[in-house]
Amino acid sequence: MKLFSEHLQTVIASGEGKVNKPSLYRFIQAIYAGFFIGLAFVFYVTVTTGSPDAHWGTVHLMGGVVFSLGLILVVLFGMELFTSTVLSAVACAQGRVSCARMLSCWIEVYVGNAVGALILVGLVCGGGLYMTDGGMWGLNVIGIALHKVHHTWGQAFVLGMMCNIMVCLAVWFAYMSKDIGTKALLMVMPVALFVATGFEHSIANMFMLPVGIAFKYLLPTELLLSHGYTEQALEALSFSHIFTANLIPVTLGNIVGGAGFIGLGIWATEKASGAQDPKVVENSKSASEFHS
Numbered sequence: 001m002k003l004f005s006e007h008l009q010t011v012i013a014s015g016e017g018k019v020n021k022p023s024l025y026r027f028i029q030a031i032y033a034g035f036f037i038g039l040a041f042v043f044y045v046t047v048t049t050g051s052p053d054a055h056w057g058t059v060h061l062m063g064g065v066v067f068s069l070g071l072i073l074v075v076l077f078g079m080e081l082f083t084s085t086v087l088s089a090v091a092c093a094q095g096r097v098s099c100a101r102m103l104s105c106w107i108e109v110y111v112g113n114a115v116g117a118l119i120l121v122g123l124v125c126g127g128g129l130y131m132t133d134g135g136m137w138g139l140n141v142i143g144i145a146l147h148k149v150h151h152t153w154g155q156a157f158v159l160g161m162m163c164n165i166m167v168c169l170a171v172w173f174a175y176m177s178k179d180i181g182t183k184a185l186l187m188v189m190p191v192a193l194f195v196a197t198g199f200e201h202s203i204a205n206m207f208m209l210p211v212g213i214a215f216k217y218l219l220p221t222e223l224l225l226s227h228g229y230t231e232q233a234l235e236a237l238s239f240s241h242i243f244t245a246n247l248i249p250v251t252l253g254n255i256v257g258g259a260g261f262i263g264l265g266i267w268a269t270e271k272a273s274g275a276q277d278p279k280v281v282e283n284s285k286s287a288s289e290f291h292s
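Sequential numbering of the sequence shown, starting at 1, is according to UniProt numbering.
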């Protein structure tokens, strides 16, 4: 746990900084973060489209690697992503911020991320990307979206938990270096693991599921039917269903995995070791510099 404990003070400072940001500033940063994560899924879809005969693991590994661009953009530009913002639970446990202010921050960032993701949905639809490669790009989106809403509630929760374990590990890794290139490289493999394996990220799904709903109306009916996507098969792609079957359990799983298993778990381990409460050392950077 040495690597974790050495940077725990940075995580605490970062969480305090996130919660204490001006509300409008934080909300705008959250919009950008949602947009960036959506862009990562656009990249993923492009890389994995048109590869039916390719090795499954290789294709998904490639998709996972390119998806990491989303988190890299969020961290390097200091934007606010819900799945990493939940690490502020450590600052709350340490008594640096109140629980009420922390939860308010989480809600604000979550909504901002949704706005950013939905802005990208509009741009993708307006740009006609669904007809890329003769419509195969759009069909790939439909297939991914349908897969996401056919997990059981328990499966979606666990996949969300495992996803944010990897996301928060990636962010924690980024705290271990001051070099931009090293930060980016450290984040690639944890993100590639969760994406390639099929773990569930609530903010990525805020883009992927609504765009799947849009595409079922935008793609030619003949094209959908030729690939087995009948009206009955597409019924699962509705706003009510994506919330109950995916976004709610995945969001809760993201919180438990990130805030609980990684953030509070590591913090509690340090407490149990008998070490003094982790504090930001006098010569360390101020909390305002650890916002990513």
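For every residue, glycine included, the Cβ atom is placed at its ideal position computed from N, Cα and C.
Please list, in chain order, all residues of the same chain as residue i whose beta carbon is under 6 Å from its beta carbon, the five residues on each side excluded.
{"i": "SER292", "result": "For SER292, the predicted model reports a pLDDT of 47, less than 50, meaning its position is unreliable; a value from the coordinates is still stated below. Within the same chain, SER292 has close Cβ partners VAL75, GLY78."}
{"i": "LEU218", "result": "TYR130"}
{"i": "LYS285", "result": "Caution applies to LYS285, whose pLDDT of 41 falls short of 50 and renders its modelled position unreliable; the model cannot decide the point."}
{"i": "GLU80", "result": "ARG26, GLN29, ALA30, ALA33, VAL109"}
{"i": "LEU61", "result": "ALA196"}
{"i": "GLY138", "result": "TYR130, PHE215, LEU219"}
{"i": "THR48", "result": "VAL59, GLY63"}
{"i": "SER273", "result": "none"}
Using three-state DSSP, classify residue i as helix, strand or coil.
{"i": "HIS238", "result": "For the sequence presented, residue 238 should be read as Ser rather than His. It is coil, neither helix nor strand."}
{"i": "GLY135", "result": "coil"}
{"i": "MET79", "result": "coil"}
{"i": "GLU108", "result": "helix"}
{"i": "TYR175", "result": "coil"}
{"i": "HIS7", "result": "helix"}
{"i": "ASN20", "result": "coil"}
{"i": "SER14", "result": "helix"}
{"i": "VAL115", "result": "helix"}
{"i": "GLY128", "result": "coil"}
{"i": "SER98", "result": "coil"}
{"i": "HIS147", "result": "helix"}
{"i": "ALA233", "result": "coil"}
{"i": "GLY228", "result": "coil"}
{"i": "GLY50", "result": "coil"}
{"i": "THR85", "result": "helix"}
If I follow the unbroken alpha helix (DSSP H) through residue i, where does it start and stop?
{"i": "SER68", "result": "56-76"}
{"i": "MET187", "result": "180-197"}
{"i": "LYS216", "result": "202-218"}
{"i": "VAL90", "result": "89-93"}
{"i": "ASN254", "result": "248-255"}
{"i": "ILE266", "result": "265-272"}
Output yes if chain E places a C-beta closer than 8 Å to the C-beta of residue i; else output no.
{"i": "VAL111", "result": "The structure shown contains no chain E, having only a single protein chain."}
Would you check if the distance between the CB atom of residue i and the CB atom of residue j is smaller than 8 Å?
{"i": "VAL188", "j": "SER68", "result": "yes"}
{"i": "VAL158", "j": "ASN205", "result": "no"}
{"i": "PHE173", "j": "ILE37", "result": "no"}
{"i": "MET190", "j": "ALA170", "result": "The sequence given here has Pro at residue 190, not Met. The answer is yes: Cβ separation under 8 Å."}
{"i": "PHE82", "j": "MET161", "result": "no"}
{"i": "PHE15", "j": "SER88", "result": "The residue you asked about is not Phe; residue 15 is Gly in the sequence shown. Contact: yes."}
Might you give, ordered along the chain, the residues of its own chain that have their beta carbon closer than 8 Å to the beta carbon of residue i, omitting 5 neighbours on each side?
{"i": "VAL86", "result": "TRP106, ASN164, CYS168, ASN254, ILE255, GLY258, ALA259, GLY263"}
{"i": "ILE144", "result": "VAL45, MET208, GLY212"}
{"i": "VAL149", "result": "LEU209, ALA236, LEU237, HIS241, ILE242, ALA245, ASN246"}
Using a Cβ-Cβ cut-off of 7 Å (strictly less than) and excluding sequence neighbours within five positions of residue i, which residues of its own chain qualify?
{"i": "VAL65", "result": "VAL188, ALA192"}
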